[in-house]
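Visitor:
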Amino acid sequence: MIDDLRRCDEYIRHPGRKCDGSGIPLSSLNNVNRKKDRFDRAQQAAKELLVEAQQDMQNASSKITKAISRLSRLEKQQTLLRKKASELIRRGVASLKELEEQERFKEEQRQISAAIDAFHKEATHPPQDPTWDGLDFGVIGIGKSSSKGARLP
223 MIDDLRRCDE YIRHPGRKCD GSGIPLSSLN NVNRKKDRFD RAQQAAKELL
273 VEAQQDMQNA SSKITKAISR LSRLEKQQTL LRKKASELIR RGVASLKELE
323 EQERFKEEQR QISAAIDAFH KEATHPPQDP TWDGLDFGVI GIGKSSSKGA
373 RLP
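Each residue of the sequence shown is one higher than the last, beginning at 223 in this note's numbering.
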């Protein structure tokens, strides 16, 4: 306790200065606390600025991604248009609509041709079981039936 009083002797001699017994003037502690508060506020403002900048960066990244996708789609459409224009000139067709009709007709003809080819292939190759014995229709012979089928008269 006496040591505490000795620490405060100097502060007691000077009016307006207070001593808490630690030997450090309260005004100095208050200054330190104010500086700490100022740093805390500056740090919080910097964190908020960082969060805002990150959000801006995410928004910009999203815009860039959308712009790249749109540009890619437009380039594909342009390539397709160039191909159609070349085909239009090659065939001597007057409009894209006429060219598309020709292409649709050509595709329908290809599908019909494929169906006809499949039909001819089936017609020219006899079944593996020409007597159809592999199929159980319930008839074993005339007047007889299998256990699965009904009896014929």
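The beta-carbon is built from N, C-alpha and C at its ideal position, and this holds for glycine as well. This structure is a prediction, so every number in the text was calculated from the model and none was measured.
Quick check: what's the CA-CA separation for Glu330 versus Leu310?
Guide: Here the question's residue 330 lines up with position 108 in the sequence shown. Here the question's residue 310 lines up with position 88 in the sequence shown. Whole-angstrom Cα-Cα distance: 19 Å.
Visitor: Going by the CB atoms, is the gap between Arg332 and Leu321 shorter than 8 Å?
Guide: For the purposes of this step, residue 321 is identified with residue 99 of the sequence shown, where counting begins at 1. For the purposes of this step, residue 332 is identified with residue 110 of the sequence shown, where counting begins at 1. Contact: no.
Visitor: Along the chain, where does the alpha helix (DSSP H) containing Ala289 start, and where does it finish?
Guide: On the sequence shown, position 67 is the one that residue 289 refers to. Element bounds for Ala289: 248-313.
Visitor: In angstroms with no decimal places, state the Cα-to-Cα distance between Ser317 and Ile286.
Guide: Within the sequence shown, numbered from 1, the residue matching residue 317 stands at position 95. Within the sequence shown, numbered from 1, the residue matching residue 286 stands at position 64. One C-alpha to the other measures close to 36 Å.
Visitor: How is Ser335 classed by DSSP in three states: helix, strand or coil?
Guide: As a first step, residue 335 must be located in the sequence shown, where it is residue number 113. It is helical.
Visitor: Does DSSP put Ala316 in a helix, in a strand, or in coil?
Guide: Position 94 of the sequence shown, counted from the start, is the residue given in the question as residue 316. Looking at Ala316 - three-state DSSP - the assignment turns out to be coil, as it is neither helix nor strand.
Visitor: Distance, Cα to Cα, Ser250 vs Arg256?
Guide: Against the sequence shown, residue 250 aligns to sequence position 28. Against the sequence shown, residue 256 aligns to sequence position 34. Taking the straight line from one Cα to the other gives about 10 Å.
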